[in-house]
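Participant:
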Amino acid sequence: MNNDILNHFIRRFQLLSLPETPLGRQIKQAAVLIPIIRKEQPSILLTRRSRTLRHHPGQVAFPGGAVDISDVSLSATALREACEEIGLEPKNVDVLGQLPSQDSISGYRVTPIIGLLPDGLHFRQNRDEVDALFEVPLTHILRIQNYRTINVFRRGQGHDIYVMPYKGHLIWGLTAAILRQLAIQETFSR
154 MNNDILNHFI
164 RRFQLLSLPE
174 TPLGRQIKQA
184 AVLIPIIRKE
194 QPSILLTRRS
204 RTLRHHPGQV
214 AFPGGAVDIS
224 DVSLSATALR
234 EACEEIGLEP
244 KNVDVLGQLP
254 SQDSISGYRV
264 TPIIGLLPDG
274 LHFRQNRDEV
284 DALFEVPLTH
294 ILRIQNYRTI
304 NVFRRGQGHD
314 IYVMPYKGHL
324 IWGLTAAILR
334 QLAIQETFSR
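When we follow this note's numbering, the leftmost residue of the sequence shown carries the number 154, and every step to the right adds one.
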């Protein structure tokens, strides 16, 4: 198996990796898992949120959610949520590090946790939260020219958001911004 792409990514990411941020309680915090599957052509696993959810129905997202009082770290939050949403057991995730936190429009400070998964895992999506799972090649995600900016108006103000289409899926908003940050980090570490 050719792991050149993934090994290169891991080396570059670790050079710029941030230490895990301690949990603070002053603002609402959340964590998401960026699950990178170790395969010949590494990919990132994404979800399409259930259309019955109250917040962000039908949007492409990472497994993740709000910090729970029992979570000892942001990594613990991301791993717990991934287990609840897609049946990913924490023992199957090798946490590589995290990206800088970003603020969401729903008032959360979201910390992306990067985790490596072995190929061949079977996922059990929670149908109350996740309609579908799909993978996007890591090479596609790391290509900065795949991202576009559009201007949307919310509460009377214009906001630039990132979008990235991929095989019938529209990845946009915070998910696209996090993936773009991953691509930028990789680009600047060269």
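Cβ coordinates follow ideal geometry from the N, Cα and C atoms, glycine included.
1) Return the chain-ordered ranges of every alpha helix (DSSP H) run that is complete within the region 219-250 and spans a minimum of 4 residues.
2) DSSP puts R301 in a beta bridge; with which residues?
3) Considering Cα atoms alone, identify which of Q194, G321, G309 and Q334 is closest to Y315.
4) Give me the Cβ distance between L232 and E288, rounded to the nearest whole Å; I'm assuming they're in contact under 8 Å.
5) Does R277 come out as helix, strand or coil in the three-state DSSP assignment?
6) Could I get the ranges of all uninterrupted beta strand (DSSP E) runs contained in the region 249-274, with 3 residues as the minimum, in chain order?
7) Name the two residues that bound the continuous beta strand (DSSP E) containing I187.
8) Starting from L291, trace the alpha helix (DSSP H) both ways and give me its first and last residue.
9) Since T200 is in the beta strand (DSSP E), which residue starts that stretch and which ends it?
10) Could you give the distance in angstroms between the alpha-carbon of I331 and the alpha-carbon of Q251?
Facilitator: According to the structure shown:
1) List check, alpha helix (DSSP H) in window: 227-239.
2) V316.
3) Between Y315 and the set Q194, G321, G309 and Q334, the nearest pair of CA atoms involves Q334.
4) That belief does not hold up - the Cβ atoms of L232 and E288 are roughly 19 Å apart, past 8 Å.
5) Three-state DSSP puts R277 in coil, outside helix and strand.
6) Every beta strand (DSSP E) of 3 residues or more that sits fully in the region 249-274 is shown, in chain order, as 262-271.
7) Annotation for I187: the continuous beta strand (DSSP E) segment containing it runs Q182 to R191.
8) Taken as a continuous stretch (DSSP letters only), the alpha helix (DSSP H) holding L291 covers L291 to I294.
9) Taken as a continuous stretch (DSSP letters only), the beta strand (DSSP E) holding T200 covers S196 to R202.
10) Taking the CA atoms as reference points, I331 sits about 11 Å from Q251.
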